[in-house]
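Asks: Protein chains in written order, with our numbering: chain G, 2 to 118; chain S, 130 to 407.
Dumping the structure here so I can ask a few things about it.
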């Protein structure tokens, strides 16, 4: 997404990315939203939304995904910046660990004389 | 910790803790006549704006913005419920009695919040002015000698804080966006500017209540609110309009073009089917 300064402003709104053509609403980029529900927990993917730039994406995320006290923190990430695994290569990617019991601690027998293991 | 896994979700929900209008009603807090009339002004401003904003639902420029405006409308409706419940305590009336069974000349809203939605630029202009005004008002009303008003202001403050941010963000983007968005944002400001002054008029009974530290004197809000509005408008590359305040800034509705139409729509169901519930 190329950075672009809208006419009439000296700088891009806080957050950086601006829709390529702000007048074309269909050009609002897609953002993925991650919400952390409580301190100490991880951010979890909650959904996605459209917004003209990062700081508006954050506000839209607040309106869409934390309406019922779900969150203490929100991340928004441009969807285009996420590299995803290919669903078609599911076999090679995710099924190969099946049956490899030796990758699990329970595969191994506990040695005698080793306490507290 | 067995609950850990189920809590590790972005969809865990709760209602949270906050004062409700029902609690206010059952608390038995009772306003005196002057305080009730003041609460009525604040409540009517929020109620009218909520009704206006509600008309954006399903019509906003983006789905995300539709929800943002709907959220703000509901926040304002919440403020109205508190203020009208408290006002009604002086006269043995409920919030619904006051919202649905008063006539045009009995409302005490300012004309700014009654202005039609226009385009998105005009709605944002109206939001900008009202939310900056409300933010300043509630930030001082939290220190009111009247505990109920202070508690309502405390609840409302967090919400108008967000309304103010929402409006300012859009003013910056529309002002600095395309030629068309800049033109519309400027036109929106010009359209509503005549009604800014009414927010700062010390109508009865605010002067008397302000002396008792119960109300915030409207004229004392003028300087800080206008200063902050000017800053946001100029930073967005827009021009502060030079428009004279409209005549008849007394909240009576005598000079209000829109109030009757808003009420007709808002009250029709309650008046056709009194006591209806659903």
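Note that the Cβ used here is the ideal one computed from N, Cα and C, for glycine as well.
These numbers were taken from a predicted model, which means no experiment stands behind them.
Among 273(S), 354(S), 205(S), which residue has its Cα nearest to the Cα of residue 287(S)?
Replies: 205(S)
Asks: Distance check for residue 310(S) and residue 104(G), CA to CA, integer angstroms please.
Replies: 59 Å
Asks: Tell me which residues of the segment 207-230 of chain S have at least one Cβ-Cβ distance to chain G shorter than 7 Å, keeping chain order.
Replies: Residues passing the 7 Å Cβ filter: none.
Asks: Below 9 Å on C-beta distance, what does residue 56(G) contact in chain S?
Replies: 298
Asks: Per DSSP, residue 35(G) is paired with what?
Replies: 46(G), 76(G)
Asks: Can you name the residues of chain A whose CB is closer than 8 Å to the CB of residue 197(S)?
Replies: No chain A appears in the structure shown, which is made up of the protein chains G and S.
Asks: Using DSSP's beta-bridge definition, name the partner residues of residue 51(G).
Replies: BP columns for residue 51(G) point to 31(G).
Asks: Between the Cα of residue 341(S) and the Cα atoms of 143(S), 149(S), 164(S), which residue gives the shortest distance?
Replies: 164(S)
Asks: Any beta-carbon of chain S closer than 9 Å to the one on residue 71(G)?
Replies: yes
Asks: Taking C-alpha atoms, which residue in 273(S), 235(S), 278(S) lies nearest to residue 158(S)?
Replies: 278(S)
Asks: Looking at the C-beta of residue 136(S), does it have a partner C-beta in chain G at a distance below 9 Å?
Replies: In this prediction, residue 136(S) has a pLDDT of 43, which is less than 50 and means its spatial position is unreliable; nothing more can be read from the coordinates.
Asks: Contact between the segment 70-78 of chain G and the segment 89-101 of chain G: three or more CB pairs below 8 Å?
Replies: no
Asks: Enumerate in chain order the residues of its own chain whose CB-to-CB distance from residue 344(S) is below 6 Å, with the five nearest sequence positions on each side excluded.
Replies: 167, 335, 338
Asks: Given that residue 377(S) touches chain G, what residues does it touch there, using C-beta distances under 9 Å?
Replies: Result: empty, since nearest Cβ-Cβ is about 36 Å, beyond 9 Å.
Asks: Per DSSP, what kind of secondary structure is residue 378(S) in: helix, strand or coil?
Replies: Residue state, collapsed to three classes: coil.
Asks: Give me the Cα-Cα distance between residue 332(S) and residue 301(S), rounded to the nearest whole angstrom.
Replies: 33 Å
Asks: Kindly indicate if chain G contains any beta-carbon less than 9 Å away from that of residue 294(S).
Replies: yes
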